[in-house]
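Before any comments, here is the structure.
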Amino acid sequence: MIDVEKLKAQLDLRHLVERDLGKPRFRGRDYAAFKCPLHSEHKGYSLVVYAHHWRCFGKCHAGGDAIAWVQHYHQLTFHEACERLTNGDLPHIETVNTAHRAPEPMAQPPDAKWQTKARRIIDKARERLWSPEGQRAWGYLVWERGLSEKIIELAQLGYLPGAPTAWREIEGLNVPCGILIPWIVNDTVWGIKVRRAAGEQRYQQVSGGNIRGCLYLADRILPRTPLIITEGEFDALIAMQVSGDFARAAAIGSASHARIDRHWYGALLGVPRVIACMDADAAGTGAAAQLAALSGAVKCVQVPNGKDLNEFYQQTGENVVKAWLQNVISEGVRS
């Protein structure tokens, strides 16, 4: 008689799927992402596989354990799948001793001295944005990004004029020239990101910040209110702009920052549904997988048009984006 639970516990599903599909396109610390063969995926890497379960965040929405994978992929019955898994050399879970592993320290913002300097930089940049000198940057935010004057002011966006590759030393800190996006939570500045006008690396940071340890707009998260988490800050600001009272928004800042620091777990505890709306690319799929591992309350979606929420907004307008967000949230709550 086959001990199904023991069988599943011993198998490393990531290696099992890799045997069937080859090397994953994207691999994180505890997951791997593949093109989903169950719906003949051509664009994206929607199949996300963990040690003991898998799920397609794309068209087919299939998922399950190791037995379910063998059933789906090899078109076998439950009994046939179990027999196949009990025969042959199968990849097993590596046993790791974590009993004495100390928890990672909770992320902290920069010190008070840096805070004072950062505040002065933010204030100067805001003045520049609202001056004739910042007219071009203002036009970019309003006409190309679709942000309202209210959101621009609320986010404390600013502008530092200069060449796309230029840096300036202000208050003893190295500051890139471009549009400044402060990461401020509960009046504490965690970092300042800068969007350059051109160049291969469009996004830079003011020296000394800790954006990786932060969650953009975290202080606007409300209990009993759905949350939309995006990659980029402009995506989150658009989500906040169109959502009104039916949802809140936050951003991780980059697909590589998908591992949310435990500093923000308290803010997320009372959220009934989290919509992870990452960019429609391999890195975004990997980030969505990491966010999905946080909680069963996380639902991963991708915009139907464009590569991200801001581009979707630019292509379709506020009413379409608002209706789509309301739909994915209501579907998530019902499920």
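The numbering of the sequence shown is this note's numbering, which starts it at 78 and goes up by one.
Positions of the beta carbon are idealized from the N, C-alpha and C atoms, including for glycine.
Since this is a predicted model, take the numbers as computed values, not measurements.
Where do the N-terminal and C-terminal ends of the beta strand (DSSP E) with residue i fall, by residue?
i: V126; result: L124 to V126
i: G268; result: T265 to R272
i: W260; result: G255 to V262
i: G361; result: First-last for G361: A359 to A369, but that is the alpha helix (DSSP H), not the beta strand (DSSP E).
i: Q282; result: Y280 to Q282
i: W131; result: W131 to C133
i: K376; result: V375 to V378
Any idea what DSSP makes of residue i, helix, strand or coil?
i: R91; result: helix
i: A86; result: helix
i: A327; result: strand
i: A110; result: strand
i: V348; result: coil
i: C159; result: helix
i: L237; result: strand
i: T307; result: strand
i: R297; result: helix
i: N251; result: strand
i: A353; result: strand
Taking C-alpha atoms, which residue in the options lies nearest to residue i?
i: C354; options: F111, G135, G105 and F103; result: G135
i: T307; options: K190, A332, W260 and D89; result: A332
i: I199; options: Y236, D322 and R132; result: Y236
i: I261; options: V126, A369, A344 and R297; result: R297
i: S407; options: K376, K201 and A184; result: K376
i: G361; options: L346, V380 and L345; result: V380
i: P349; options: L257, V397, G373 and A145; result: G373
i: K270; options: R289, R222 and E248; result: R289
Over what stretch of residues does the alpha helix (DSSP H) that includes residue i continue unbroken?
i: N387; result: L386 to T393
i: I144; result: A143 to H151
Can you tell me the Cα-Cα spacing of residue i and residue j, whole angstroms?
i: H177; j: Q87; result: For H177, the pLDDT reaches just 46, beneath the cut-off of 50, and the residue's location in the model is therefore unreliable, although a value from the coordinates is still provided. C-alpha separation (whole angstroms): 23 Å.
i: K190; j: N287; result: 14 Å
i: E204; j: Q233; result: 10 Å
i: F323; j: C133; result: 27 Å
i: C291; j: W341; result: 8 Å
i: W267; j: V378; result: 28 Å
i: T302; j: M317; result: 13 Å
i: R213; j: N251; result: 23 Å
Can you list, in chain order, the residues of its chain whose CB lies under 7 Å from that of residue i, leaving out five sequence neighbours each side?
i: G239; result: R245 and C254
i: T393; result: N382
Considering only residues of the same chain and omitting the five flanking positions on each side of residue i, which have a CB-CB separation below 8 Å?
i: T154; result: Q148
i: K112; result: L98, R102, E118, H119, G121, Y122, S123 and L124
Can you list, in chain order, the residues of its chain whose CB lies under 6 Å from that of residue i, leaving out five sequence neighbours each side?
i: D356; result: E308, K384 and D385
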